[in-house]
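Novice:
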Amino acid sequence: MGLVGWFSFRNGRQAVNNVVAQLTQELSDRVEATVLSFLEVPHQVTRINLDAIRQGYLDVDSAIDINLPLRRYFLNQIQQFDTVSVIGYGNEKLEYLDLEKEIVGDDKNLIVTLSGKSTGYTQIVYEIDDQGYLGRAFSKTPNYDPTVRPWYRSAVETGAAVWSPIFVFVSQPKIGIAAVTPVFEADSKTVKGVTGVNITLEHISNFLEELKIGKSGQVFIVELDGSLVATSTSESPLLIKKENQESVTTRITATESQNKLTRASADYLIGQFGRLDQIKTPEKLDFKLDGERQFLQVTPLKDERGIEWLIVLAIPEKDFMEQIDANRRQTIVLCFLALGGAIILGLFSSEWIAKPILRLQESAGAIANESQLIQKVDIRGIAELENLGTSFNRMSEHLQASFSALEQANTQLEQRVQERTAELEERTSELEVAKEKAEVANEAKSSFIANMSHELRSPLNAILGFAQMMTRSQSLPLEHQENVGIIYRSGEHLLTLINNILDLSKIEAGKTTLNENNFDLHRLLDDIHDMFQLKADGKGLQLLLERDDRIPRYLRTDDMKLRQVLINLLNNAIKFTEVGGVILRANTIDNPENSMLKRISFAVEDTGAGIAPEELDKLFEAFVQTETGKQAQEGTGLGLPISRKFVQLMGGDIQVTSEVGKGTTFSFEIQAEEVKAENVESQKPKQRVIALAPNQTRYRILIVDDKILNRQLLVKLFNPLGFELKEASNGKEAIEIFEVWEPHLIWMDMRMPVMDGYEATQKIRATTKGQAIAIIALTASVLEEEKAVILSAGCSAFMRKPFREEEIFEAMREHIGVEFIYEEAQKKEIKLTKDILTRENLAVLPEEWQRELEDAILSSDRKTMNGIVEKIVVENEELGEVLKESLYNFEYEKILALLN
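Numbers 120 to 1019, taken from my numbering, label the letters of the sequence shown in order.
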């Protein structure tokens, strides 16, 4: 027993030594690799900034304390790197600028520090917004000279990228280190400034705390003077004292640590080597603390920029030996007990039990080896063995019958398994065929959506774009202006039909998603009401908007889909109503108190022809129209199916009630989140661009599209404003022009031959110059997931064809800062058309004019119509303008009815 215990203890200790050696080496290697990777980030940022300065993309020669582009560059950069705390630049002119990220709990606050001529060389700390503009100033330090700071001197003295000494942050009780690089004048000899990036070493401590090192092991990092850099314990590397009623923060050494194991490990290393800077290679050691053995590994950590630290890993042996010692003691005790029990039981039971068991063995052998199933044994003396013998005899009697039944059942089971296997194989084959067909169908639908979107919307982009440009012409005759208006409205109508078909295809392919936005529901309802008021007036119908006073104003859901549903329903209601009117109702449904999730109901009620009961079931099927719709010879039968799918996406469904001859009511509910007013972006009035604002850079714009018409559209839109323009028909040409010409903005079509826009954008963004320019994607795709793919390729923004000119100019203003001069909007007080265009007002016109206007309308003579309207404008401007608008909208029947 002693020999067993000794071998158990020796083998356990040897295993622990091997495990600890392997564990400490792996942990040390992991800590070293992670820390060096973490320390590489700030130097990577300084290299990027130095390259940008050398190539002229960053202007550091202007007064940096008022340099907004430089401030925005640092602001954008510090938000991209989570581990970076400060990015800054100082120069020999005593100017200084830095962006600092303060982390308080889960909140991240950004502040900017400025010093220079504009501040009287006083260092001022400001709050800063997302656009780089200064906010409240809350700290000032007079006579600030960045050139005497340790980080600045370190870069100047070494003349290369280097680490600053570890320092304590002024704004928060944390230690940090700065990666600094000198910036030289053109002669490459004179230092004109230093760019630097600060990081907090707290990130290293957070990483060390996440490591699992036995039960109570720990790892810490120290400088060669013994100062604590980071530790896996919760101990801070700083000591805060009160001196003269002020807090004084100092760093502590490992030998001053409050942690007993940390302090003992540091004392042992100093006692063993004299000084920590004598440790040049990894060392595996052990020492005693309170009589218990401690494993210790120390590894030097260095880089080429001046880092010289030590990684110290300490693990108590007891973390591994406790269970081994307990197991060893239990093993010895159990061995003795088992040995004694076995000897005693063996002596008393061997003779008593062996003989009956031998008889049972002989009978069982006969059954097993000779297939003699009928066997009987006679056992007496031991009750249990007697029962066993009786059971054995019964078993042998039943075995014969059981084996016979088993053979029969096995035959039947094999037959049933074969039948089921054949059925299963057949069903599996059918399912696989159906799955393949479904996948092919979905792929075909997705391909159809992408191809049809590109092929239909691209030419429409040119049609609508050139029509918009022609409407801007001041020299175009009135008749041609009307013709252009007809082209534009017809194009818009065609675009609506195309969008309906593509929407239906997206729905069937499962590509439709909910794009939620914050919006003003009251404004949306008012806009839709105003949109249809003129159409209702033209048919002599009442159009009412009834809005519940309790309905929330500001909501979050897909406002564009809600708008499309309401427009579809109102358009149908007015189209199929000849007498009476249409009512749009919006009400709120009671919700749990204090719930931000609201349910809103909408209803569109008309007094039209109604829908027959047998047609209600097919109302929401694609391309299906009611008898009334067929008689009107308008529409595609897609509006209601698309509307229903959109409502279902928003958490509701459309219901319809109708009575022939009395009217129809469509109603639905949606689910939306209520938001605050300040979270809703206000709508800006549309203004036409007429020129560039003075005193601006002459911007270089590159237009990339394989369709020459689309390129010509943008060229003719930009050329009158004075932009420098170049064109490319594919991505390869775009890259060649970019490398030589360096445009400020690239309009990039995404689907092109030779090289598409995705690959071209990625290659441009991979260069240092390409990171500073704006690239806006132009695409005819209607798939929402395409937007994420395009933005991930490196595009700054995303715009669908066909686009409107105000969208193009707004994108340029947002992404490259172009300032425009806009046409002044003229506000007029407009009376309702129904109050001006009346039988009484037309009756006062000369009878000759009335007769000529009627004949011109009946013969569709636009030229004569325009001539008569111009005469009427001279006599009655209001009536003439309304007549002109009605003729422009082809409301011929309405005017003829009033003339008669």
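We treat Cβ as the ideally placed atom computed from N, Cα and C, and that holds for glycine. Note that the coordinates shown come from a computational prediction; the quantities given were computed from them, not determined experimentally.
By DSSP's criteria, G312 is part of a beta bridge. Which residues make up the other side?
Specialist: Answer by DSSP bridge pairing, in chain order: N210, V302.
Novice: So what does DSSP say about M918, is it helix, strand or coil?
Specialist: M918: strand per DSSP, three-state reduction.
Novice: Cα separation between L408 and L343?
Specialist: Their Cα atoms are separated by approximately 23 Å.
Novice: Identify whether S510 lies in helix, strand or coil by the three-state DSSP scheme.
Specialist: Three-state DSSP puts S510 in a helix.
Novice: Could you give the residue range of the alpha helix (DSSP H) that holds M867?
Specialist: Where M867 is concerned, there is no enclosing alpha helix (DSSP H), although the beta strand (DSSP E) it sits in stretches over 864-868.
Novice: Put D725 into one of helix, strand or coil per three-state DSSP.
Specialist: Strand, per DSSP.
Novice: Per DSSP, L1021 forms a beta bridge with which residues?
Specialist: Any answer about residue 1021 is impossible in this case: the structure gives the chain only from 120 up to 1019.
Novice: Rounded to the nearest angstrom, what separates V316 and Q144 at their Cα positions?
Specialist: Their Cα atoms are separated by approximately 32 Å.
Novice: Span of the alpha helix (DSSP H) holding P188?
Specialist: Taken as a continuous stretch (DSSP letters only), the alpha helix (DSSP H) holding P188 covers 187-199.
Novice: Take A899 as the anchor and find which of C914, T887, K920, Q881 has the nearest alpha-carbon.
Specialist: Nearest C-alpha to A899: K920.
Novice: Check the DSSP bridge columns for V267 and list the partner residues they point to.
Specialist: None, per the DSSP bridge assignment.
Novice: Under the DSSP definition of a beta bridge, which residues are partnered with L1015?
Specialist: According to DSSP, which records beta bridges pairwise, L1015 is partnered with nothing at all.
Novice: Would a C-beta distance cut-off of 7 Å place A373 and V341 closer than the cut-off?
Specialist: Cβ distance < 7 Å, so A373 and V341 count as in contact.
Novice: How long is the line joining the alpha carbons of K946 and L660, rounded to whole angstroms?
Specialist: A caution first: K946 carries a pLDDT of 42, below 50, which makes its placement in the model too unreliable to give a value.
Novice: Secondary structure at G876, three-state DSSP: helix, strand or coil?
Specialist: It is helical.
Novice: Under the rule that 16 or more other beta-carbon atoms within 10 Å means buried, what is W860, buried or exposed?
Specialist: W860 comes out exposed.
Novice: Is it the case that the stretch 921-941 contacts the stretch 879-890, given that we only count it when at least three CB pairs across the two stretches are under 8 Å?
Specialist: The stretch 879-890 vs the stretch 921-941: no contact.
Novice: Judging by CA-CA distance, which residue of E938, N529, E800, R190 is the nearest neighbour of N814?
Specialist: Comparing Cα-Cα distances from N814 to each of E938, N529, E800, R190, the minimum goes to E938.
Novice: Give me, in chain order, the residues of the same chain whose beta-carbon lies closer than 8 Å to that of L320; leave out the 5 immediate sequence neighbours on both sides.
Specialist: So the list reads I285, K293, I294, G295, I296, V348, A349, P356, once near-sequence residues are dropped.
Novice: What distance in whole Å lies between the Cβ atoms of V203 and P161, which are believed to be in contact at a cut-off of 8 Å?
Specialist: Contact holds; Cβ gap of about 6 Å.
Novice: Can you list, in chain order, the residues of its chain with a C-beta nearer than 6 Å to that of M984? Leave out the 5 residues immediately preceding and following it.
Specialist: Answer for M984: A975, L1006, listed in chain order.
Novice: Please report the distance separating the alpha-carbon of L532 from that of T547.
Specialist: Answer to the nearest angstrom: the Cα atoms are 22 Å apart.
Novice: From which residue to which residue does the beta strand (DSSP E) around Q377 run?
Specialist: Looking at the DSSP string, Q377 is not in any beta strand (DSSP E), and its letter there is neither H nor E.
Novice: Could you name the residues that DSSP lists as bridge partners for N228?
Specialist: N228 pairs with E221.
Novice: By Cβ distance, which residues of its chain are closer than 6 Å to L404, with the 5 residues on each side in sequence left out?
Specialist: Closer than 6 Å at the Cβ level, and outside the excluded window around L404, lie L415.
Novice: Can you tell me whether DSSP reads A279 as helix, strand or coil?
Specialist: Here A279 sits in coil by DSSP.
Novice: Which word fits T509, buried or exposed, when buried means at least 16 other C-beta atoms lie within 10 angstroms of its C-beta?
Specialist: Flag for T509 reads exposed.
Novice: In its own chain, which residues sit with a C-beta less than 6 Å from the C-beta of L703, not counting the 5 before and 5 after it?
Specialist: So the list reads L664, V723, once near-sequence residues are dropped.
Novice: Please report the Cβ distance between Y192 and L177, rounded to the nearest whole angstrom; I am assuming they are in contact, meaning their Cβ atoms lie under 8 Å.
Specialist: Rounded, the Cβ-Cβ distance is 6 Å, consistent with contact.
Novice: State yes or no: is the C-beta of G841 within less than 7 Å of the C-beta of G876?
Specialist: The answer is no: Cβ separation not under 7 Å.
Novice: Say whether the stretch 824-840 touches the stretch 670-683, bearing in mind that this needs 3 or more beta-carbon pairs closer than 8 Å, one atom from each stretch.
Specialist: Judged by Cβ distances under 8 Å, the stretch 824-840 makes no contact with the stretch 670-683, as fewer than three pairs qualify.
Novice: Is the Cβ-Cβ distance between D184 and S147 less than 7 Å?
Specialist: No, these two residues do not count as a Cβ contact at 7 Å.
Novice: Along the chain, where does the beta strand (DSSP E) containing G782 start, and where does it finish?
Specialist: Note, G782: beta strand (DSSP E), 782-793.
Novice: Run the CB neighbour count on A930, radius 10 Å, all protein chains shown included, and call it buried at 16 or more, exposed below.
Specialist: It counts as buried.
Novice: Leaving out five residues before and five after P872 in sequence, what residues of the same chain have Cβ atoms less than 8 Å from its Cβ?
Specialist: Around P872: D825, N849.
Novice: Within 10 angstroms of the Cβ of K334, are there 16 or more other Cβ atoms? Answer buried if so, exposed if not.
Specialist: K334 comes out exposed.
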